[in-house]
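Below: one structure, written as structure tokens.
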Amino acid sequence: MWDGDETIIHDFQDCLKAHAVLSSDGLHGCLLDSSFESCIDWKEEDARLIWERARTLVDDFRNFNSSHVTMNPRPPMSHIWVKRLIDVIKINVDATIHDTVVGIEIIARDSDGFVLDGHVVYLDYKMDVQGAEAEALREGIVWARDNNAARAIFKTKNTGLVNRLKFR
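Numbering (the working numbering), first residue to last: 123 to 290.
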């Protein structure tokens with residue numbers, strides 16, 4: 123018998139039919155084997171058990187990782203500070219094709235990132251992507267020549283054009 127306040131769980135523990143139903147319905151008698159104060163306490167007990175199992179698994183995983191050498195260790199990387207280029211103009215060129223119109227954009231910046239010039243050229247004849255990007259680069263070179271740029275870095279996102287110029 124129970125010597126404190128009696129709850130519905132205590133009634134179920136004493137009733138043979140309720141005991142049979144609760145122990146066969148997937149609960150495996152967890153409500154009946156422990157003394158819980160309210161009906162939801164068994165859920166809290168289950169959550170606590172799951173939390174402890176997860177915590178044990180994480181601890182085991184952490185211990186395993188710290189005691190074994192990695193299969194693919196990362197090579198040490200050297201971090202080198204690269205001095206910023208002074209008196210260099212960075213010219214970004216890009217091309218866009220829409221139907222039969224080609225748009226070429228040129229943006230020139232100084233070594234501090236200040237925009238020196240920017241303009242767009244529209245061409246009314248059909249061109250493929252490689253040709254449009256090459257024309258954009260040509261326009262950037264013309265801009266650098268016309269503005270007496272002694273040192274220039276050209277930027278484009280077209281890797282095909284970069285690779286063609288790089289391996290010449």
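Backbone N, C-alpha and C fix where the C-beta goes; we use that ideal spot for every residue, glycine too.
8 Å Cβ cutoff met for residue i and residue j
{"i": "I219", "j": "A254", "result": "yes"}
{"i": "A217", "j": "I226", "result": "yes"}
{"i": "Q252", "j": "L283", "result": "yes"}
{"i": "K296", "j": "T281", "result": "What the structure shows of the chain is the stretch from 123 to 290, and residue 296 is not part of that stretch, so it cannot be assessed."}
Secondary structure of residue i, DSSP reduced to three states
{"i": "V251", "result": "helix"}
{"i": "A217", "result": "strand"}
{"i": "L245", "result": "strand"}
{"i": "R231", "result": "strand"}
{"i": "F236", "result": "coil"}
{"i": "E174", "result": "helix"}
{"i": "F186", "result": "helix"}
{"i": "I263", "result": "helix"}
{"i": "V210", "result": "coil"}
{"i": "K277", "result": "strand"}
Rounded distance between the beta-carbons of residue j and residue i, thought under 8 Å
{"i": "V204", "j": "E261", "result": "Not confirmed; about 29 Å, so no contact."}
Distance between residue j and residue i (C-alpha atoms, nearest Å)
{"i": "I208", "j": "A266", "result": "16 Å"}
{"i": "I162", "j": "E174", "result": "19 Å"}
{"i": "L245", "j": "P195", "result": "53 Å"}
{"i": "D239", "j": "R231", "result": "7 Å"}
{"i": "I213", "j": "A274", "result": "7 Å"}
{"i": "D182", "j": "S188", "result": "10 Å"}
{"i": "N270", "j": "D234", "result": "18 Å"}
{"i": "V242", "j": "V224", "result": "10 Å"}
{"i": "F289", "j": "P198", "result": "31 Å"}
{"i": "R206", "j": "S200", "result": "18 Å"}
{"i": "R170", "j": "W164", "result": "10 Å"}
{"i": "T178", "j": "E167", "result": "17 Å"}
{"i": "A272", "j": "D250", "result": "31 Å"}
Buried versus exposed, by CB contacts within 10 Å (16 or more), residue i
{"i": "A176", "result": "exposed"}
{"i": "V180", "result": "exposed"}
{"i": "I172", "result": "exposed"}
{"i": "I202", "result": "exposed"}
{"i": "T278", "result": "buried"}
{"i": "V237", "result": "exposed"}
{"i": "A258", "result": "buried"}
{"i": "A256", "result": "buried"}
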